[in-house]
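1 is the number of the first residue of the sequence shown in the UniProt record's numbering; add one for each residue after it.
I have placed the structure first, in the form of structure tokens, so that the comments after it can refer back to it.
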Amino acid sequence: MSRRRTIEVILGVDTHLGEHIGVVIDSVEKYLSHLSVTTDSYGYHKLVHWAHSFGDLRRAGGKSTGTYGAGLARFLTEQGVLVLEINRPDRSMRRFRGKSDPTDAESAARTVLSGIDCSIPKLQSGPAEAMLIISVARRSTVKSRTQTINQLRGLLISAPDEIRSRLWKSNAAECAKSCLRLRSFGKTPWGKTLASTLRFLAKRWLY
Numbered sequence: 001m002s003r004r005r006t007i008e009v010i011l012g013v014d015t016h017l018g019e020h021i022g023v024v025i026d027s028v029e030k031y032l033s034h035l036s037v038t039t040d041s042y043g044y045h046k047l048v049h050w051a052h053s054f055g056d057l058r059r060a061g062g063k064s065t066g067t068y069g070a071g072l073a074r075f076l077t078e079q080g081v082l083v084l085e086i087n088r089p090d091r092s093m094r095r096f097r098g099k100s101d102p103t104d105a106e107s108a109a110r111t112v113l114s115g116i117d118c119s120i121p122k123l124q125s126g127p128a129e130a131m132l133i134i135s136v137a138r139r140s141t142v143k144s145r146t147q148t149i150n151q152l153r154g155l156l157i158s159a160p161d162e163i164r165s166r167l168w169k170s171n172a173a174e175c176a177k178s179c180l181r182l183r184s185f186g187k188t189p190w191g192k193t194l195a196s197t198l199r200f201l202a203k204r205w206l207y
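Written out as structure tokens, the structure reads:
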């Protein structure tokens, strides 16, 4: 009894924030089917299981493997599937079918099959990517602190002279500490609000 030969299938994916659209073609570029899945572990398992139902899934590709498609790219790699980043997808089908997510996914699959205008993506799991995460967080923190001290100084600049002369310091840390120690500017709603806002901004900058 002859054993049935398993065909190779190619998976192309059009990635989005909330869903991924996958298209499967065979090794002679025949369109087989498409499927929309959620962008989580359940969706990834469902997509791979579905693709394998048509044949042997060895290669997959799509755009944004470092952003929207990062999670799926890692999952496919762990499953032994070669993942390729599509640099310039084949746009020829758009001239006949127009733009759509399944069309873009099919275009990605055909680009993978051709081996042209695609490359192996950098999966975001190494030391360099870890340092990038730290760098992004640090830049965000520095930017936030800069905005905070600018807001605090802005309030002091527009405050009455006696308040500004009492609290203004050229050194940012000293300025923030002087604002943190203050209690109130009288019993008026304006004075209480200004004092509490300056204390809040000072505490935010210092800690």
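By construction, the Cβ of each residue, glycine as well, lies at the ideal position given by its N, Cα and C atoms.
All values derive from a computational prediction rather than experimental measurement.
| said: One question on the structure: do S36 and D101 come within less than 9 Å of each other, judged by their Cβ atoms? | reply: yes
| message | Quick check on Y68: does DSSP put it in helix, strand or coil? | response | coil
| Roughly how many angstroms lie between the CA atoms of P121 and V48, to the nearest whole one? | 19 Å
| query | Between D14 and R110, what straight-line distance do the alpha-carbon atoms span, to the nearest angstrom? | reply | 13 Å
| So, G62 versus I25, is the Cβ gap smaller than 9 Å? | no
| request: Give me whichever residues DSSP pairs with D14 in a beta bridge. | output: I21
| DSSP beta-bridge partners of L35 | G22
| request: Going by CA-CA distance only, name the one from D56, N150, C175 and A73 that's closest to H20. | output: A73
| query | Using CA coordinates, which residue listed in S27, F54 and G69 is at the minimum distance from D40? | reply | G69
| Roughly how many angstroms separate the alpha carbons of E78 and G18, rounded to a whole number? | 22 Å
| field | Buried or exposed (CB count within 10 angstroms, at least 16 for buried), residue 213 | value | Any question about residue 213 goes unanswered here, given that the chain covers just 1 to 207.
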